[in-house]
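Here is the structure we will look at.
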Amino acid sequence: MAHQDYVQLKSIDDDIRSFILKKNKKLTMESQISFITFMNYHLEYIKEKILQDQNETKKINQQMLQQLNNKQIISQNLNATINQKVTFGQKAADAIAKFGGSWPFIFLFLMVLASWILLNSLHFFGVSFDSYPFILLNLVLSCLAAVQAPIIMMSQNRQAARDRIAADHDYQTNLKAELESSLLHEKIDYLMSQQWQQMLELQQLQIELLTQLNEKYQGDKMM
52 MAHQDYVQLK
62 SIDDDIRSFI
72 LKKNKKLTME
82 SQISFITFMN
92 YHLEYIKEKI
102 LQDQNETKKI
112 NQQMLQQLNN
122 KQIISQNLNA
132 TINQKVTFGQ
142 KAADAIAKFG
152 GSWPFIFLFL
162 MVLASWILLN
172 SLHFFGVSFD
182 SYPFILLNLV
192 LSCLAAVQAP
202 IIMMSQNRQA
212 ARDRIAADHD
222 YQTNLKAELE
232 SSLLHEKIDY
242 LMSQQWQQML
252 ELQQLQIELL
262 TQLNEKYQGD
272 KMM
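In the numbering used here, the protein residues as written are 52 to 274.
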């Protein structure tokens, strides 16, 4: 300080000096300002730093919100997507395979088999179209097994295709979630590092301000 009540600009911090010179174009490096004026500039500088920090945080939050809104939604109803490409034969194969692997089919098959054997063994109403050893029944069962096998295979192929589509969809969903999580962590780390740095700068400015006030107070006290 050149005098107890005045501060020379070249003796203060570079950032604050640049701020004061920017605010008052008439001042130069060799200029002197009153201590009260210097304190006002100092407080104004701190307020501006805080405002810049708030604006930067707000801007980053808006960018994150905009990115989340612009992200394409990957999750979808796979059943609706797959069913759009299903042919009539594939639907029939699924229905037959579903019925053939159910308890109603087993009970119905046992009832038909028992009725066939009883009808041809006991000759109810004089009807006997397939006498023992039930050659026609063996032929029907063989044809049923021969037809049922490829139908079940067609249904299994459709299920395998559905599983592949579901696996691809799960991979895309997990990849998108992983990338967004990584991006979010990077932004949080950036915000934390920036805020810590700005907090340290503000704290340093406050310490300098208090030190200068204390020096001014001690100088006035000695006078």
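Note that beta-carbon positions come from the ideal geometry of N, C-alpha and C, so glycine has one too.
Note that this is a predicted model, so its numbers are computed, not measured.
Helix, strand or coil at residue i according to DSSP, with G and I counted as helix
i: isoleucine 63; result: coil
i: glutamine 55; result: Here glutamine 55 scores only 49 on pLDDT, less than 50, and its place in the model should not be relied on; the value that follows carries that caveat. Glutamine 55 falls in the coil class under three-state DSSP.
i: serine 85; result: strand
i: serine 182; result: coil
i: glutamate 77; result: Checking the displayed sequence, the identity of residue 77 turns out to be lysine instead of glutamate. Lysine 77 falls in the coil class under three-state DSSP.
i: threonine 224; result: helix
i: threonine 108; result: helix
i: alanine 137; result: In the sequence under discussion, the amino acid at residue 137 is valine, which differs from the alanine named in the question. Valine 137: coil per DSSP, three-state reduction.
i: glycine 151; result: helix
i: histidine 236; result: helix
i: histidine 93; result: helix
Euclidean distance between Cα positions of residue i and residue j
i: alanine 196; j: glutamine 210; result: 21 Å
i: glutamine 254; j: isoleucine 97; result: 10 Å
i: lysine 77; j: leucine 256; result: 24 Å
i: lysine 238; j: threonine 108; result: 11 Å
i: phenylalanine 139; j: glutamine 199; result: 17 Å
i: alanine 146; j: proline 201; result: 14 Å
i: isoleucine 203; j: alanine 143; result: 11 Å
i: valine 163; j: alanine 148; result: 19 Å
i: tyrosine 222; j: aspartate 104; result: 39 Å
i: methionine 52; j: leucine 260; result: The pLDDT assigned to methionine 52 is 38, lower than 50, so where the model puts this residue is not dependable; a value taken from the coordinates is nonetheless given after this. Spanning the two alpha carbons is a distance of roughly 14 Å.
i: glutamate 231; j: leucine 102; result: 29 Å
i: alanine 217; j: alanine 228; result: 16 Å
i: lysine 100; j: aspartate 66; result: 11 Å
i: histidine 54; j: glutamate 252; result: For histidine 54, the pLDDT reaches just 44, beneath the cut-off of 50, and the residue's location in the model is therefore unreliable, leaving the point undetermined.
i: leucine 226; j: glycine 152; result: 37 Å
i: leucine 169; j: aspartate 214; result: 45 Å
i: asparagine 75; j: aspartate 64; result: 16 Å
i: tyrosine 241; j: leucine 234; result: 11 Å
i: serine 193; j: threonine 224; result: 47 Å
Inter-residue CB distance, residue i and residue j (contact presumed, cutoff 8 Å)
i: phenylalanine 180; j: asparagine 171; result: 7 Å
i: methionine 205; j: glutamine 141; result: 7 Å
i: phenylalanine 156; j: phenylalanine 150; result: 5 Å
i: phenylalanine 86; j: aspartate 56; result: 6 Å
i: leucine 188; j: tryptophan 154; result: Not quite, the Cβ-Cβ distance comes to about 22 Å (not below 8 Å), so this is no contact.
i: methionine 80; j: lysine 110; result: Rounded, the Cβ-Cβ distance is 34 Å, inconsistent with contact.
i: glutamine 59; j: glutamine 83; result: 5 Å
Heavy atom of the ligand FMN within 7 Å of residue i beta-carbon
i: glycine 140; result: Here there are no bound small molecules, and the ligand FMN is not part of this structure.
Three Cβ pairs or more, each shorter than 8 Å: is that satisfied between the region 66-76 and the region 89-99?
yes
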